Amino acid sequence: GSRELTALHCLAGTKESAFVYAVTAAGLVHAVTRSCSAGNVTECSCDTKLQGGGSASEGWHWGGCSDDIHYGMSFSRSFLDVPIRNASGKSGNGLLAMNLHNNEAGRQAVAKLMSVDCRCHGVSGSCAVKTCWKTMSSFEKIGRFLKDKYENSIQISDKLKRKLRRKEKSQRKIPIQKEDLLYVNKSPNYCVEDQKLGIPGTQGRECNRTSDGPDGCNLLCCGRGYNTHVVRHVERCECKFIWCCYVRCRRCETMTDVHTCK
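Quick note on the numbering used here: the sequence shown kicks off at 80 and runs consecutively.
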């Protein structure tokens with residue numbers, strides 16, 4: 080509805096939207112490339128360019144099925160970038176260029192984190208000869224990499240000249256890397272409910288009193304503190320099968336502390 084469109088417009092250009100663009104582009108590369116390697120896509124397969132290479136003197140060669148991310152990268156650019164370019168007349172050039180950059184940052188994360196796996200061949204499992212292939216990292220690792228980029232994202236000027244540039248004039252000589260996430264607008268306060276922006280706030284959210292992470296009461300409650308109440312859980316337990324033919328259980332009762340943000 081109109082409320083959701085207003086929220087998307089107001090949250091556009093923030094570091095959170097930058098992360099969403101990047102992780103979506105990376106996820107598309109990862110999923111398509113995995114399908115290529117598994118033989119599920121007729122237009123692509125394994126990376127055959129490496130076959131036959133390696134180092135005979137060091138006892139290894141390229142083989143197996145290397146993940147060919149080139150098709151996945153190309154597909155991601157066509158699927159995600161082309162609609163943004165076609166919509167250039169409806170949004171500012173700075174926001175357009177930033178979104179395209181963040182898409183590419185996600186794809187570059189997949190490429191940067193490619194690793195080499197090897198399998199040993201030899202008598203009694205020795206590694207006299209190895210067959211190696213290139214493989215993508217787990218998407219969890221790629222996500223952690225992009226989360227770190229999100230934490231260190233760069234604010235850029237909303238006035239696009241010849242290229243994207245940092246908002247801070249004193250830092251403009253520092254180059255922007257392909258893997259950096261960029262944002263224009265500062266994020267709203269996600270701690271406080273804002274129905275217009277579709278932000279639910281954190282009041283009433285359950286939190287972990289002993290955690291120092293994002294689920295911890297200190298961070299999640301935004302310094303407001305938290306309430307503690309006891310919750311009683313009743314469940315079936317110590318169930319036994321009685322011949323024949325029913326299950327007999329006891330009713331177990333536990334009491335746990337639940338913490339919710341003020």
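Note that beta-carbon positions come from the ideal geometry of N, C-alpha and C, so glycine has one too.
Since this is a predicted model, take the numbers as computed values, not measurements.
Going by DSSP, what residue range makes up the alpha helix (DSSP H) through residue i?
i    : result
I321 : Taken as a continuous stretch (DSSP letters only), I321 belongs to no alpha helix (DSSP H), being part of the beta strand (DSSP E) at Y305 to I321.
D227 : F218 to E230
F154 : I148 to S155
E95  : K94 to A117
R284 : R284 -> no alpha helix (DSSP H), and no H or E assigned at all.
R251 : Where R251 is concerned, there is no enclosing alpha helix (DSSP H), given that its DSSP letter is neither H nor E.
N343 : Only positions 80 to 341 of the chain appear in this structure, which leaves residue 343 out of reach.
Any idea if residue i is buried or exposed, counting beta-carbon neighbours within 10 angstroms, 16 or more meaning buried?
i    : result
L87  : With a pLDDT of 49 at L87, under the threshold of 50, the modelled position of this residue cannot be trusted, and the question is left open.
Y325 : exposed
W139 : buried
E183 : buried
F320 : exposed
W212 : buried
T112 : buried
T281 : buried
I148 : buried
R311 : exposed
V202 : exposed
G304 : exposed
S116 : buried
M152 : buried
D291 : exposed
D294 : exposed
H338 : buried
S266 : exposed
Q256 : exposed
N181 : buried
G173 : buried
Going by DSSP, what residues sit across from residue i in a beta bridge?
i    : result
K213 : V195
H180 : DSSP output for H180 lists no bridge partner at all.
V208 : H200
S290 : Its beta-bridge partners do not exist; DSSP assigns none.
G133 : H140
L261 : I233
G295 : N287
R245 : I235
D126 : Bridge partners of D126: none, in fact.
From which residue to which residue does the beta strand (DSSP E) around residue i run?
i    : result
R327 : Y325 to C340
Pop quiz: residue i and residue j are said to be a contact at Cβ under 8 Å. What is the actual Cβ separation, rounded to whole angstroms?
i    : j    : result
R284 : C340 : 5 Å
C270 : C316 : So it is not a contact: roughly 39 Å between Cβ atoms.
D336 : T307 : 6 Å
C197 : S205 : With a Cβ gap of about 13 Å, C197 and S205 do not count as contacting.
G142 : T210 : 4 Å
G185 : A104 : 4 Å
Review point. Is the region 177-186 in contact with the region 226-245, if contact means three or more CB pairs nearer than 8 Å?
Key: Flag = yes, the region 177-186 and the region 226-245 touch.
Practice item. Pair every Cβ in the region 216-227 with every Cβ in the region 190-197, then say whether three or more of these pairs are closer than 8 Å. Key: Segment contact: the region 216-227 against the region 190-197, three or more CB-CB distances shorter than 8 Å; contact assigned.
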